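In the numbering used here, the protein residues as written are 360 to 893.
Beta carbons: idealized from backbone N, C-alpha and C, even for Gly.
It should be emphasised that the depicted structure is a prediction, and the values quoted were computed from it without experimental measurement.
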């Protein structure tokens, strides 16, 4: 694959014969679509029904049952034969139904989001189905955008991307389009690239589509999965072994019975036929006809139980594999965890508050020493929650009854914190709209927004790393009063920061500053000085 991260945006545009400003022409885009095909990942869809049915009859024990049924039918034991065939058919139907449900659930998940993408073609910005993107397209990125393909970024403005689906890294990665990297830089360190399946959680950007469909990094993973050798499960191995043992032992016993009858009995044709029927009846009786059906029913019940735990199992026999697993090596983010952040503690005004409830909504409460708190009656707590909601670019949406976050999970946790204190983030943003901002960047480790103050003037709200916010603070809001931030108070704040960090919590600090007038755009960075620590 081409090392696009080692080329400048201009060179990438030259290689792909596109224009950074105008994008592709509609004619060229159509031509490339015919050449490269739709921007989609190939799955296992389209497996014919006959192959699915045939797969239900591949277990050795089932094959023995079919053989026993055929012999019984040939010898006139129609009732026994029909019962055996009925058991085998019911077993196959159960397997097909359960696996069919899993496939439908997976298809429903894929169809929940009908992906769209914003591209520039013929100099015009337009929205198209993501599957129509072709290499060379100029793709526009906004907060909440799910990357439709692999991009070499050409523009970034405080752009941060959640790459957890691809790399497992739960912390959003800050991107830099100006970087030109060495060829052998690992995928997780390619700050000038953005990959299919990842999500923009902050800022905006633009990039050139360098790979689509199965040629993307996500496509390579899908290809590896599709080509992976399918191995039998431990249960299948044991059932096949049992079937072989039963078959061998049964045939041996039948042969012994038949030969013994011949040696000790008459040699007439009628007698030989009777002995043969006795041997066959013994063989049929020795085979546990109900075992495959019992196994299928037990696995189906296990599959249904896993569905209630939001786990979809495609293959019925895979249920038993999970039960036999002793060590599970898996990526944490999104697999063992939900990639959601929730506020659990809040230090403000010299007091440590406890926070409970869901991640991004108002379900939960803020308590002090296990007693509910009216946040609106505590000045420093009220201002802290207002800052958490207003100095924030995330949005919480209700989609079909499901709460979904658009933006950084950490900022989503701050929205939930404000809501638990009785403050609606949406209402606050309407009452105190943002009039200016100083976007976050990794050098300052700060983000500031400016809003009209409820009384007069303007209110600067700052959020960032605790040590940076503290170093820029001159005062502390304590019991509703702005008091000088003495070395003793600063040391107490550092102590609380260390205490929270040692509990494996991600710690952020909030501060504010009042301004009589709105600063000029050229001097807006100066607002992050002489802050009041919250």
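Open item on the list: Which of the three DSSP states is assigned to residue 847 in this structure?
Closed with: Here the question's residue 847 lines up with position 488 in the chain shown. It is helical.
TODO: Output the boundary residues of the beta strand (DSSP E) element that contains residue 492.
DONE: Here residue 492 is taken as the residue at index 133 of the chain shown, counted from 1. Counting along the chain, residue 492 sits inside no beta strand (DSSP E), nor does DSSP assign it H or E at all.
Open item on the list: With the cut-off set at 8 Å, would you say residue 578 and residue 400 are in Cβ contact?
Closed with: Position 219 of the chain shown holds residue 578. Position 41 of the chain shown holds residue 400. It is a contact, given that the beta carbons lie within the stated cut-off.
- [ ] Determine the direct distance from the alpha carbon of residue 883 to that of residue 829, and round the result to whole angstroms.
- [x] The sequence position of residue 829 within the chain shown is 470, counting from 1. The sequence position of residue 883 within the chain shown is 524, counting from 1. In a straight line, the C-alpha of residue 829 is about 19 Å away from that of residue 883.
Open item on the list: Residues in the same chain with beta-carbon distance under 6 Å from residue 547, minus the five sequence neighbours each way, listed in chain order, please.
Closed with: Walking along the chain shown from the start, residue 547 turns up at place 188. Answer for residue 547: 526, listed in chain order.
TODO: Go ahead and pull the three-state DSSP assignment for residue 872.
DONE: Sequence index remark: in the chain shown, residue 872 carries index 513 (1-based). Strand, per DSSP.
Task: Span separating the alpha-carbon of residue 574 from that of residue 491 - done: Numbered from its first residue, the chain shown carries residue 574 at position 215. Numbered from its first residue, the chain shown carries residue 491 at position 132. Each residue's alpha carbon lies about 15 Å from the other.
- [ ] Using the DSSP secondary-structure output, state which residues sit across from residue 862 in a beta bridge.
- [x] For the purposes of this step, residue 862 is taken as residue 503 along the chain shown, with counting starting at 1. Answer is none; residue 862 lacks a bridge partner.
TODO: Have a look at 444, 364 and 494 and flag the residue whose alpha-carbon is nearest the alpha-carbon of residue 390.
DONE: As a position in the chain shown, residue 390 is number 31, starting the count at 1. Distance check between residue 390 and each of 444, 364 and 494 places 494 closest, using alpha-carbon atoms only.
- [ ] Could you work out which residue in 835, 439 and 700 is closest to residue 864 when comparing CA atoms only?
- [x] The residue labelled residue 864 in the question sits at position 505 within the chain shown. When only C-alpha atoms are compared, the closest one is 700.
Task: Cβ contact check for the stretch 515-533 and the stretch 600-614: 3 or more pairs under 8 Å - done: No: the two stretches stay apart, fewer than three of their Cβ pairs being nearer than 8 Å.
Task: Continuous beta strand (DSSP E) assignments of at least 3 residues falling wholly in the stretch 508-550 - done: Taken in chain order, the whole beta strand (DSSP E) runs of length 3 or more contained in the stretch 508-550 are 509-521.
Task: Residue from 561, 364, 820 and 449 whose Cα sits closest to the Cα of residue 887 - done: The residue given as residue 887 occupies position 528 in the chain shown. When C-alpha distances from residue 887 are compared across 561, 364, 820 and 449, the shortest belongs to 820.
Open item on the list: Can you check which of these residues, 802, 751, 862 and 688, is closest to residue 703 by C-alpha distance?
Closed with: Indexing the chain shown from 1 puts residue 703 at position 344. Nearest C-alpha to residue 703: 862.
Task: For residue 768, three-class secondary structure by DSSP - done: Residue numbering aside, residue 768 sits at position 409 when the chain shown is read from its first letter. Residue 768 falls in the helix class under three-state DSSP.
Open item on the list: Quick check on DSSP: helix, strand or coil for residue 557?
Closed with: Position 198 of the chain shown, counting from 1, holds the residue named residue 557. The three-state secondary structure of residue 557, taken from DSSP, is coil.
Task: N- and C-terminal bounds of the alpha helix (DSSP H) containing residue 785 - done: For the purposes of this step, residue 785 is taken as the residue at position 426 of the chain shown. Taken as a continuous stretch (DSSP letters only), the alpha helix (DSSP H) holding residue 785 covers 784-790.
- [ ] Determine, using beta carbons only, whether residue 511 and residue 369 come nearer to each other than 8 Å.
- [x] Position 152 of the chain shown, counting from 1, holds the residue named residue 511. Position 10 of the chain shown, counting from 1, holds the residue named residue 369. Their beta carbons are not under 8 Å apart, which means residue 511 does not touch residue 369 by this criterion.
- [ ] Determine the contact status of residue 755 and residue 773, defining contact as a CB-CB distance below 8 Å.
- [x] Along the chain shown, one-based indexing puts residue 755 at 396. Along the chain shown, one-based indexing puts residue 773 at 414. With contacts defined as CB atoms closer than 8 Å, residue 755 and residue 773 fail to qualify as a contacting pair.
TODO: State buried or exposed for residue 363, treating a residue as buried only when at least 16 other CB atoms are found within 10 Å of its CB.
DONE: Stepping through the chain shown from its first residue, residue 363 is reached at position 4. Looking at its Cβ environment, which holds 16 or more other Cβ atoms inside 10 Å, residue 363 is buried.
Open item on the list: Quick check on this structure: which residue in 597, 730 and 831 has the alpha carbon closest to the alpha carbon of residue 806?
Closed with: Taking the first residue of the chain shown as position 1, residue 806 is located at position 447. Closest by alpha carbon: 831.
TODO: Pull up the distance between the alpha-carbon of residue 687 and that of residue 681, whole angstroms please.
DONE: Working through the chain shown from its first residue, we reach residue 687 at position 328. Working through the chain shown from its first residue, we reach residue 681 at position 322. Residue 687 and residue 681 have their C-alpha atoms spaced approximately 9 Å apart.
- [ ] Can you grab the Cα-Cα spacing for the pair residue 609 / residue 641, in whole Å?
- [x] Here residue 609 corresponds to residue number 250 of the chain shown, with the count starting at 1. Here residue 641 corresponds to residue number 282 of the chain shown, with the count starting at 1. C-alpha separation (whole angstroms): 8 Å.
- [ ] Could you give the DSSP three-state label for residue 793: helix, strand or coil?
- [x] As a position in the chain shown, residue 793 is number 434, starting the count at 1. The three-state reading of DSSP puts residue 793 in coil, since its state is none of H, G, I, E or B.
Open item on the list: Beta-carbon within less than 6 Å of residue 565's beta-carbon, same chain only, minus the 5 sequence neighbours each way: which residues are those?
Closed with: Taking the first residue of the chain shown as position 1, residue 565 is located at position 206. 499, 513 and 514.
TODO: Could you name the residues that DSSP lists as bridge partners for residue 892?
DONE: As a working note, residue 892 is residue 533 in the chain shown. Paired residue(s): 835 and 870.
- [ ] Below 6 Å CB to CB, which residues in the same chain sit around residue 532 once its five sequence neighbours on both sides are set aside?
- [x] Stepping through the chain shown from its first residue, residue 532 is reached at position 173. Leaving aside the five residues that flank residue 532 on each side, the residues in its chain whose CB is nearer than 6 Å to its CB run, in chain order, 520 and 522.
Task: Euclidean distance between Cα positions of residue 539 and residue 570 - done: Translated into positions along the chain shown, residue 539 becomes position 180. Translated into positions along the chain shown, residue 570 becomes position 211. Each residue's Cα considered, the two are about 18 Å apart.
Task: Cβ-Cβ separation, residue 780 to residue 744 (assumed contact under 8 Å), whole Å - done: For the purposes of this step, residue 744 is identified with residue 385 of the chain shown, where counting begins at 1. For the purposes of this step, residue 780 is identified with residue 421 of the chain shown, where counting begins at 1. Contact between residue 744 and residue 780 holds: CB atoms are separated by about 4 Å, below the 8 Å threshold.
Task: Nonlocal neighbours in the same chain, by C-beta distance under 6 Å from residue 738, ignoring five residues either side - done: Here residue 738 refers to the residue found at position 379 of the chain shown. Within the same chain, residue 738 has close Cβ partners 839.
TODO: List the endpoints of the continuous beta strand (DSSP E) containing residue 476.
DONE: Against the chain shown, residue 476 aligns to sequence position 117. For residue 476, the uninterrupted beta strand (DSSP E) segment begins and ends at 475-480.
Task: Short Cβ contact (8 Å threshold) for residue 766 with residue 502 - done: Your numbering for residue 766 matches position 407 in the chain shown. Your numbering for residue 502 matches position 143 in the chain shown. It is a contact, given that the beta carbons lie within the stated cut-off.
Open item on the list: DSSP three-state label for residue 468, please.
Closed with: Mapped onto the chain shown, residue 468 falls at position 109. The pLDDT assigned to residue 468 is 49, lower than 50, so where the model puts this residue is not dependable, and the model offers no usable value.
Task: Nonlocal neighbours in the same chain, by C-beta distance under 7 Å from residue 848, ignoring five residues either side - done: As a first step, residue 848 is located in the chain shown; it is residue number 489 there, counting from the start. Same-chain partners within the cutoff: 835.
- [ ] Using DSSP bridges, identify the partner residues of residue 763.
- [x] Mapped onto the chain shown, residue 763 falls at position 404. Residue 763 pairs with 756.
TODO: Would you check if the distance between the CB atom of residue 837 and the CB atom of residue 871 is smaller than 8 Å?
DONE: Position 478 of the chain shown holds residue 837. Position 512 of the chain shown holds residue 871. With contacts defined by Cβ atoms closer than 8 Å, residue 837 and residue 871 do not form a contacting pair.
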